[in-house]
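Position 264, counted from 1, in the sequence shown is what my numbering calls 1202; the numbers after and before it change by one each time, with no gaps. Below: one structure, written as structure tokens.
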Amino acid sequence: MEKETVIKTEKFVMKTYNRFPVSFVRGKGCWLYDESGRKYLDMLAGIAVCNLGHCHPKVSEAICEQAKTLIHTSNLFHIKPQAELAELLCKNSFGDKVFFCNSGAEANEGALKLARRYGTEKNPEKYEIVAFKNSFHGRTMAAVTVTGQGKYSQGFGPMIPGVKFAEFNNLSSVEKVVSERTAGIIVEPVQGEGGVVPAEKEFLEGLREISNRYDALLIFDEVQTGIGRTGSLFAYQNYGVEPDIMTLAKALGNGVPIGAIVTKGKASEVLKPGLHASTFGGNFLATRAGVEVIKTVTEPGFLDRVREKGSYLRKRLSEIKEEFPNLILEVRGLGLMVGVLLSKNCGQIVMSALEKGLIINCTAGNVLRLVPPLVITEEEIDYGMEILREVLKEDES
Ligand SMILES: Cc1ncc(COP(=O)(O)O)c(C=O)c1O
């Protein structure tokens, strides 16, 4: 690997990440190439971002053309691809309005502000948020406050007041913390960083009912689950439960930074001019990428294939589980968002896989996370599974 990049990174980039000793120079579809030309099968997709694969021709062509035409004007003016993307998001979801921003944390930050404003306009005491243990919502102050994993907020206190935690997939624990003071409930339909744990249908149905009962806004954080990842365009569509607010980011731009808050009905009326904003949010470049992404993911048959390939990947992993019953405890997930629960920490397995040319990730300490580009083929899945088997075999011996 090129030493200069490592030296400069260590010298000039703030050390907030422990990086793998690889630097990629090129990507195509599910494949990444390092400086020596070595190829790696990417079953992580930039952490559930490059859902259409690296450098998808439609996205790359659109952003190249847009970059030569107009990149940014600010939201003081109308922006054609922004309007087009908002329409696409609304027509393909429960939503009727969209606010654009630049990341997942920023989308959640805005959604939480929106919920608080909604609540406190009714009653100044109605500002509480119910969130869930083991959740992950991002790194801004409000986002870490509602993130139910202490390690992310430790040392950054005091947290914002009024956040109460309940157990994921446990409605009676929600009943204990919800009240007339609750302005919003924020939940991931599938907890991602928490270990790829899908919500149960009854749980999301129950949250919908509780939100209605207390006039609280139900927020689905679909930053990781959105844009086809779970086999539906949005994960909530697998459950038949609609939120009042949905947050998006990650795959919406296939790598171009973009975030969005999608709202409906009463939630769409809260934020008036001047109450919330973002300089870059929804600019020409990012929304042009988003338009191509949504058009591609909603092409007939695309999501059917994601579901088929998700089942195939989980089937292959279940076969591997049979081979390594002491190491693999569970294979779980939805669509192409898959977690493999191990009986031990998975850091070394991820490293060994990388050395053999397979990119996967370890989350929650002992869960291998596989979130490949949605365009992956069965043959590529087989290729990845062979490497994983080899790695597990070596690990066992
Ligand atoms: C569910 C969820 N919400 C929010 C975030 C934060 O997104 P970002 O890193 O774009 O701020 C993430 C990132 O992993 C996420 O998985």
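For glycine and all other residues, C-beta sits at the position ideal for the given N, C-alpha and C. Only a predicted model underlies this, so the values are computations on that prediction, with no experimental measurement involved.
Here V1278 really is in contact with V1269; their C-beta atoms are around 6 angstroms apart, less than 8 angstroms. Contact holds between the stretch 988-1001 and the stretch 966-975, because three or more Cβ pairs, one in each stretch, are under 8 angstroms apart. Out of Q1286, A1302, K941, the CA that lies nearest to the CA of E1332 is found in Q1286.
When secondary structure is reduced to three states using DSSP, G1095 falls in the coil class, being assigned neither helix nor strand. With a threshold of 6 angstroms, the Cβ atom of G1271 does not count as near ligand 1, since no heavy atom of the ligand is closer than that. For D1182 against K1210, the beta-carbon gap comes to about 17 angstroms, at or over 8 angstroms, which does not count as contact. In the structure shown, F1262 adopts coil according to DSSP, grouped into three states.
Under the three-state reduction of DSSP, V1208 is assigned to coil, being neither helix nor strand. When secondary structure is reduced to three states using DSSP, N1107 falls in the coil class, being assigned neither helix nor strand.
Between the beta-carbon of P1136 and that of G1271 there is about 7 angstroms, and that keeps the pair under the 8 angstroms contact cut. From the listed residues V1101, L1052, K949, E1126, the smallest Cα separation to A1215 is found for L1052. Cα atoms of L1308 and N1061: separation of roughly 44 angstroms, rounded to the nearest angstrom. Nearest to L1027 by C-alpha distance, out of G1197, E1126, V1084, E942, is G1197.
Taking C-beta atoms as the reference points, V1112 and V1101 fail to come closer than 7 angstroms. Taking A1045 as reference, the option from G984, E1025, I1148, A1187 with the minimal CA-CA separation is A1187. Going by DSSP, N1040 is part of no beta strand (DSSP E) at all; its letter is neither H nor E.
Here the stretch 1067-1086 lies against the stretch 1107-1127, with 3 or more beta-carbon pairs under 8 angstroms apart. Three or more pairs of CB atoms, one per stretch, sit closer than 8 angstroms, so the stretch 1320-1331 contacts the stretch 979-988. Separation of the CB atoms of L1223 and V1194 is rounded to 6 angstroms, and the pair is thereby assigned contact status at 8 angstroms. A distance criterion of 6 angstroms places the beta-carbon of E1126 in contact range of ligand 1, judged by its closest non-hydrogen atom. DSSP places E942 in the uninterrupted alpha helix (DSSP H) bounded by 941-950. Look at Q1286 here: in three-state DSSP terms it is helix.
Here R1327 has I1258, E1261 as same chain residues with Cβ atoms under 8 angstroms from its own Cβ, once five neighbours each way along the sequence are excluded. DSSP places L1274 in the coil class of the three-state scheme, outside both helix and strand. Around the beta carbon of S1256, fewer than 16 other beta carbons lie within 10 angstroms, which makes this residue exposed. With a 10 Å radius around the Cβ and a threshold of 16 neighbouring Cβ atoms, R957 comes out exposed. Listed in chain order, the non-local C-beta contacts of G975 below 6 angstroms within the same chain number zero, local neighbours out to five positions each way being set aside. In the structure shown, the three-state DSSP call for I1183 is strand.
A Cβ-Cβ separation of about 6 angstroms places A1227 in contact with A1000 under the 8 angstroms criterion.
Counting only runs of 4+ residues, the alpha helix (DSSP H) found wholly inside the stretch 967-1055 occupies 983-986, 995-1007, 1018-1029, in chain order.
For M1275, the closest alpha carbon among the candidates H1010, Q1129, V1082 is that of Q1129. For M1184, the number of other beta carbons within 10 angstroms of its own is at least 16, and it is reported as buried.
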